[in-house]
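Straight run, no breaks: the sequence shown in the working numbering ends on number 1460.
For glycine and all other residues, C-beta sits at the position ideal for the given N, C-alpha and C.
These notes concern the structure reproduced below.
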Amino acid sequence: MNVPLRRDLEVLNRLLRPLVMAEASLLFGLGAAIGGYLGQRFSAALYLTGQTLVLAIVVAATSLTSFFTEGGRGLRPDHGERMEAGDGPSRIRLQWALYLGIVGLTVCATLGTVLLASGALGTVSVILLLAGILGAIAYSSPPFQLARSGYSELISTFLLA
């Protein structure tokens, strides 16, 4: 495998945080399974749409957190190298983090708008989706940047719920 491509894939892997995405997927799947016990029919299309929304929120929150934490401190390839926003390769990595966050929030807004316009989402679902989007922004972005507070694990649990 080409070395720059491998390095780019490693950076992408750090930005996406696959364990957090797996946790969000498993928790959403658990919630979908509970619906069967409550007498709700399983709809594969609705499940996949919801899973996409949850993963988009997680991608937005984790990548924006990486972007806003001390000039990309979470994006360092090794602990000895400090990445500044002006450097060539590190600047590209920081741009990736920003672009992934923007894409995640755009996917959430677009899918939410389409589902709301088609009547597939109720008012409570729209409020929860907006709370998730606002939670992702408050978790990762200044001035709140709740990821750096003492309650970051509690906030991320509420964000995933």
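Check your understanding: Are the beta-carbon atoms of G1403 and V1358 separated by less than 7 Å?
Key -> yes
Exercise for review: Would you check if the distance between the CB atom of G1421 and the CB atom of L1363 is smaller than 7 Å?
Suggested key: no
Practice item. Report the rounded CA-to-CA distance for T1416 versus Q1350, giving the unit in angstroms. Key: For the sequence presented, residue 1416 should be read as Ala rather than Thr. Looking at the two C-alpha atoms, the distance is approximately 19 Å.
Check your understanding: To which residues of the same chain is L1414 closer than 6 Å at the C-beta, ignoring the five residues directly before and after it?
Key -> L1420
Exercise for review: Just mark R1305 as buried or exposed, buried being the case when its beta carbon has 16 or more other beta carbons within 10 Å.
Suggested key: Only exposed fits R1305, as fewer than 16 other CB atoms lie within 10 angstroms of its CB.
Review point. Roughly how many angstroms separate the alpha carbons of G1431 and P1303, rounded to a whole number?
Key: 35 Å
Exercise for review: Please report the Cβ distance between S1439 and A1360, rounded to the nearest whole angstrom; I am assuming they are in contact, meaning their Cβ atoms lie under 8 Å.
Suggested key: 5 Å
Point to revise | Own chain residues within Cβ distance below 7 Å of V1319, not counting five before or after | key: The beta carbon of V1319 lies closer than 7 Å to those of V1357 and T1361 in the same chain, with the five residues before and after it left out.
Exercise for review: Taking the CB atoms as reference points, tell me whether V1406 and A1355 lie closer together than 7 Å.
Suggested key: If you check the CB distance, V1406 and A1355 come in under 7 Å.
Review point. For A1435 versus F1443, is the C-beta spacing smaller than 7 Å?
Key: Cβ atoms of A1435 and F1443: not closer than 7 Å.
Review point. Who are the near neighbours of G1411 in its chain, counting only those whose CB is closer than 6 Å to its CB and skipping five residues on each side?
Key: So the qualifying residues of the chain are L1428.
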